Structure formats: structure tokens, C-alpha cells
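Numbering (the numbering used here), first residue to last: 12 to 89.
Note that beta-carbon positions come from the ideal geometry of N, C-alpha and C, so glycine has one too.
As the structure is a prediction and not an experimental result, all values here were calculated from the model.
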Ligand code: SF4
Ligand code: SF4
């Protein structure tokens with residue numbers, strides 16, 4: 012079980028038209044449309060998948076990218 016904490020999808024409210032596609036397709040119910048704008052209502056349930064991002068017709072929701080450095084490589088002694 013991972014304890015990873017994902018960044019949340021970012022929503023550009025100037026582009027979101029409230030179509031509800033993200034809410035209908037989100038597998039965890041993490042995003043809903045309120046007042047014609049998408050909102051992450053259950054951040055703990057967001058699995059950082061790419062579904063809302065893939066289906067949004069306006070390109071209004073997307074996952075921010077983070078640069079993550081891998082743990083230092085273990086030195087192997089021969
Ligand atoms: S799919 Fe895109 S445009 Fe439609 S409600 Fe969600 S974020 Fe807004
Ligand atoms: S990234 Fe996946 S789980 Fe998170 S809000 Fe979008 S569709 Fe839902």
C-alpha cells in the first residue's frame with residue numbers, strides 16, 4: 012500500500028464550461044461540477060489518473076507535472 016501524496020489536478024476556471032465530462036468519467040468521484048465549474052471535492056480520493064485530463068473537451072483540467080529525483084543509486088562493490 013502506497014502512502015504517496017499526489018498533487019491534485021489543476022482546473023483552469025476560465026476554460027471550464029461545466030460540461031460535466033470529468034465528473035461523469037472520474038472513477039473515484041473526486042471531481043464534481045458545482046456552479047458550472049469543475050471542483051476537486053474529494054482530494055483524498057483522487058488517484059492522479061489521466062481520465063479527466065484525457066476527456067476534458069476544453070483542456071481545462073490537467074495534472075501538474077513534478078520533477079522527482081530517484082533515490083541515490085546504491086553503490087555496488089565488486
Ligand atoms: S470536462 Fe473540462 S470543461 Fe467539462 S466540467 Fe470538467 S474541467 Fe470543465
Ligand atoms: S485525476 Fe482521475 S481520480 Fe483524479 S479527479 Fe481526475 S479522473 Fe478523478
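### Task
Within its chain, find whatever has a CB closer than 8 Å to the CB of residue 50; leave out the 5 residues flanking it on each side and keep chain order.
Start at 1 with the first residue of the chain shown, and residue 50 comes out as number 39. Correct list, in chain order: 22, 42, 43, 44.
### Task
Could you please go through the chain and list the residues whose beta-carbon is closer than 7 Å to any non-hydrogen atom of ligand 2?
20, 33, 36, 37, 38, 39, 41, 42, 51, 56, 57, 58, 59, 60, 61, 62, 63, 64, 72, 74
### Query
Sorry if obvious, but does the Cβ on residue 46 come closer than 7 Å to a heavy atom of ligand 1?
Here the question's residue 46 lines up with position 35 in the chain shown. Outside the cutoff, so no.
### Query
Is residue 54 near ligand 1, in the sense that its beta carbon is under 7 Å from a heavy atom of that ligand?
As a working note, residue 54 is residue 43 in the chain shown. Residue 54: no, Cβ never under 7 Å from ligand 1.
### Task
Compute the beta-carbon to beta-carbon distance between residue 66 and residue 36, rounded to the nearest angstrom, for a pair I have assumed lies under 8 Å.
By 1-based counting over the chain shown, the position of residue 66 is 55. By 1-based counting over the chain shown, the position of residue 36 is 25. Confirmed, Cβ separation roughly 5 Å.
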